[in-house]
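*Asks:*
Chains as they are written, first to last, in the numbering used here: chain H, 1 to 493; chain B, 494 to 650.
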């Protein structure tokens, strides 16, 4: 092959005075960056993805991963990443793949919203001494709760784990998240890859997805769930289907998905039976009938330009829960241009949808779930104040399990045992450890949310929901403030 | 009283061996000092074979063949049930190596002496391997626990 012109992106620096040549880095790197030949350590920097596995495990702290020293003349239009992408496409002639969420430096509206607190005129509340209610109900709230056809799901806190399919992530990720969700009284989501029989016992905490590929959808799947979610779109790749490479479709993944092993699992871009709101209404009704009207039906859509009209249609089609995934939402694999350039921020979509549904008088018929780039408990509080009933977290949950955001999920060589189905790699995530860490994260956020609410003088999350007076915009223009429905910092009211 | 590794979650990374070596021979857990300035010797044998791992460590048997067979009284049991070797009394006859049904004791570079797991009794802390396993795959044996006594699996009890 001719010269590839691709220079390494990262450089592995090994401090020889510290390296003890134990070989842990060699054994742990699935990308085969580290080599130990007769006492000589050398690295193949080209393969390094900066997942930090070797750095974290090195017992001598001898390793550091650095950006490869400047290799192109400084140019703020043709950045090194842009040049590398062109080289890669000139080599392969293919679509660039990417993993995780949109990493570009678009404005984060969460970072331009500030929260309120009580001073003198109304008392703040100490969450350690007074009760603080985070209980959240999801579903259609227009009926009486005794009527079974409008079932409600109760969560201990307004944070759920978002959809990640078995196949895109290892079974140990599902085991970790399901156990954590059970321990914390919240929900986890199977994604579109079916529910492994080992996890049927976590059915009361499971959201099962029905996506365009219909992988692993069968009566027991629908029955063993708390909520059924129809996945229309995903924030990382709105309008795009899914593609799980055959190399990740192990025997077990194949059984769970009900497809042949080692074959590519392709979810079509649209549901082939949904071409209108009326078609969606039919599928919602079908799923309700199939499960005896016992479970709320959720519909997940990506945040796109006319999201409020779409949301209105989805609610009118009978969805009990509407999950909106913003453009920061992550994925195991998406075309890079789609991930980086399609969709709108969740903050904007959420505010728009909440306002539209209120204006139309149908807000009570649905619970809104915000997803896509929720990084911490302050983001959760801001999302709820903008109108969400609850939020979905996935990237944050994976980070809790060890993900270092190297964004190479699509290779199936995840050194942290997360986005892989290779047995030697997936065993690196002990579900005992994973469940504990995911649970710790939720517990920590629960404490923080209570603190923030207490400072505001609010003792129930219901009083915060859609309460945009608790928010003030900073560094936002009049149009943005109008869309978000918040006042500027300094405005009274 | 014994430790074991859950094969499903053992990575085969070998950190247990490194921290084991640094925990003994007076290195007090300092990996750099142990490996840069000493000749540390791990007490654990870890076998990596075709993606499978076998963590071979002392069972601290209740009726320990090594103690029974030791000709010089070097192999002993302490008040907590830990089987350890007093190398000052060892004569390097290697009978313990011969009789151990698990192949745990190893020939030491230093003679006289053998290498075997003593559950870090010198430091009186949590065993170094268990403490440093990155995946918490090394655990106290469920049946015995950190304070219980191991059942004698050797003689089929």
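Backbone N, C-alpha and C define an ideal beta-carbon position, used for all residues, glycine too. Bear in mind the structure is a predicted one, so any value in this text is a computation, not a measurement.
(1) Determine whether the Cβ of residue 627/B lies closer than 8 Å to any Cβ atom of chain H.
(2) Under the assumption that residue 535/B contacts residue 514/B (Cβ atoms under 8 Å), give the Cβ distance between them as a whole number of angstroms.
(3) Pick out whichever of 614/B, 550/B, 600/B has its Cα sitting closest to the Cα of residue 573/B.
(4) Going by the CB atoms, is the gap between residue 383/H and residue 374/H shorter than 8 Å?
(5) Taking Cβ positions only, does residue 347/H come closer than 8 Å to chain B?
(6) What runs of the alpha helix (DSSP H), each 4 residues or longer, lie entirely inside the stretch 105 to 172 of chain H?
(7) Taking a contact to mean a Cβ-Cβ separation below 8 Å, would you say residue 595/B touches residue 541/B in this structure?
(8) Out of curiosity, what's the CA-to-CA distance linking residue 559/B and residue 576/B?
(9) List the whole-angstrom C-beta distance separating residue 473/H from residue 481/H, where the pair is believed to meet the contact cut-off of C-beta under 8 Å.
(10) If you reduce the DSSP assignment to three classes, tell me which class residue 542/B lands in.
(11) For residue 524/B and chain C, any beta-carbon pair shorter than 8 Å?
(12) Our contact map puts residue 420/H next to residue 170/H with C-beta atoms below 8 Å; I'd like the distance itself, whole angstroms only.
(13) By DSSP, does residue 445/H sit in helix, in strand, or in coil?
(14) Taking residue 357/H and residue 315/H to be in contact with their CB atoms under 8 Å, please state how far apart those CB atoms are, rounded to whole angstroms.
(15) State the start and end residues of the unbroken alpha helix (DSSP H) segment that holds residue 56/H.
(16) Decide if residue 343/H is buried, meaning its Cβ has at least 16 other Cβ atoms within 10 Å, or exposed.
(17) Keeping to the same chain, check which residues put their C-beta closer than 6 Å to that of residue 450/H; ignore five residues upstream and five downstream.
(18) Between the Cα of residue 97/H and those of 37/H, 272/H, 242/H, spot the shortest distance and give me the residue it belongs to.
(19) Under 8 Å by Cβ, that's how I've got residue 18/H and residue 525/B pegged, so tell me the actual separation to the nearest angstrom.
(20) Determine contact between the stretch 48 to 55 of chain H and the stretch 401 to 420 of chain H, defined as no fewer than three beta-carbon pairs at a distance below 8 Å.
(21) Of all the residues that make up the stretch 410 to 427 of chain H, which are near chain B by a beta-carbon distance shorter than 7 Å?
(22) In whole angstroms, what is the alpha-carbon distance linking residue 565/B and residue 608/B?
(23) Within a Cβ cutoff of 6 Å, which residues of the same chain sit near residue 471/H, ignoring the five residues on either side of it in sequence?
(24) What's the C-alpha gap between residue 301/H and residue 237/H?
(25) Considering only the beta carbon of each residue, do residue 616/B and residue 527/B sit closer than 8 Å?
(26) Give the straight-line distance between the Cα atoms of residue 371/H and residue 249/H, rounded to the nearest whole angstrom.
(27) Distance cutoff 8 Å, beta carbons only. Does residue 557/B sit that close to anything in chain H?
(28) Taking only runs of the beta strand (DSSP E) that begin and end inside the stretch 178 to 232 of chain H, which ones reach a length of at least 3 residues, in chain order?
(29) Looking only at DSSP bridge pairs, what is residue 452/H linked to?
(30) Note down, in chain order, all residues in the stretch 506 to 519 of chain B with a beta-carbon under 9 Å from any beta-carbon belonging to chain H.
(31) Is there a C-beta anywhere in chain H that falls below 8 Å from the one on residue 562/B?
(32) Could you give the distance in angstroms between the alpha-carbon of residue 151/H and the alpha-carbon of residue 552/B?
(33) Rounded to whole angstroms, how far is the Cβ of residue 205/H from the Cβ of residue 162/H, which I believe are closer than 8 Å?
(34) For residue 445/H, count neighbouring Cβ atoms within 10 angstroms of its own Cβ and tell me buried if that reaches 16, exposed if not.
(35) Do the CB positions of residue 365/H and residue 140/H come within less than 8 Å of each other?
(36) CB-CB under 7 Å to residue 217/H, same chain, minus the five flanking residues each way: which ones, in chain order?
*Replies:* Checking against the coordinates, here is how it stands:
(1) Contacts with chain H at 8 Å (Cβ-Cβ) include residue 627/B.
(2) About 4 Å separates the beta carbons of residue 535/B and residue 514/B, which is inside the 8 Å limit, making them a contact pair.
(3) The residue with the shortest Cα to Cα distance from residue 573/B is 614/B.
(4) Between residue 374/H and residue 383/H, the C-beta gap is smaller than 8 Å, which places the two residues in contact.
(5) Using a CB distance cut-off of 8 Å, residue 347/H does not count as an interface residue toward chain B.
(6) Segments of the alpha helix (DSSP H) lying fully in the stretch 105 to 172 of chain H: there are none.
(7) Result no, Cβ atoms of residue 595/B and residue 541/B do not sit closer than 8 Å.
(8) Straight-line Cα distance between these residues: approximately 9 Å.
(9) Between residue 481/H and residue 473/H the Cβ distance is about 5 Å, and since that is below 8 Å, they are a contact.
(10) DSSP places residue 542/B in the strand class (E or B) of the three-state scheme.
(11) Judged by its chain identifiers, the structure shown contains no chain C, and its protein chains are H and B.
(12) Taking C-beta atoms under 8 Å as the contact rule, residue 420/H and residue 170/H qualify, at a distance of about 6 Å.
(13) Taken through DSSP and simplified to helix, strand or coil, residue 445/H comes out as helix.
(14) Yes, they are in contact, since the Cβ atoms of residue 357/H and residue 315/H sit about 6 Å apart, within 8 Å.
(15) Counting along the chain, the alpha helix (DSSP H) containing residue 56/H begins and ends at 53 to 57.
(16) It counts as buried.
(17) Excluding positions up to five away in sequence, the list reads 127, 132.
(18) Nearest neighbour of residue 97/H by Cα position, chosen from 37/H, 272/H, 242/H, turns out to be 242/H.
(19) Their Cβ separation, rounded to whole angstroms, is 6 Å, which keeps residue 18/H and residue 525/B in contact under 8 Å.
(20) In short, these stretches touch, since the Cβ pair count reaches three.
(21) Residues passing the 7 Å Cβ filter: 423, 424, 427.
(22) Each residue's Cα considered, the two are about 16 Å apart.
(23) These residues qualify, in order along the chain: 113, 385, 486.
(24) Using only the alpha carbons, I get a separation of about 11 Å.
(25) For the pair residue 616/B and residue 527/B, the CB atoms are not nearer than the 8 Å cut-off.
(26) Approximately 27 Å between the Cα atoms of the pair.
(27) Chain H contact via Cβ: absent.
(28) Counting whole runs of 3 or more residues, the stretch 178 to 232 of chain H contains the beta strand (DSSP E) stretches 206 to 210, 227 to 231.
(29) In DSSP, residue 452/H forms no bridge with anything.
(30) Residues of the stretch 506 to 519 of chain B whose Cβ lies closer than 9 Å to any Cβ of chain H, in chain order: 506, 507, 508, 510, 511, 512, 515.
(31) Chain H, which has no Cβ nearer than 8 Å to the Cβ of residue 562/B, makes this no.
(32) Residue 151/H and residue 552/B have their C-alpha atoms roughly 54 Å apart.
(33) In fact, because the Cβ distance is near 14 Å, the residues do not count as touching under 8 Å.
(34) When all chains shown are included, residue 445/H counts as buried.
(35) In contact: residue 365/H and residue 140/H (Cβ atoms closer than 8 Å).
(36) Closer than 7 Å at the Cβ level, and outside the excluded window around residue 217/H, lie 210.
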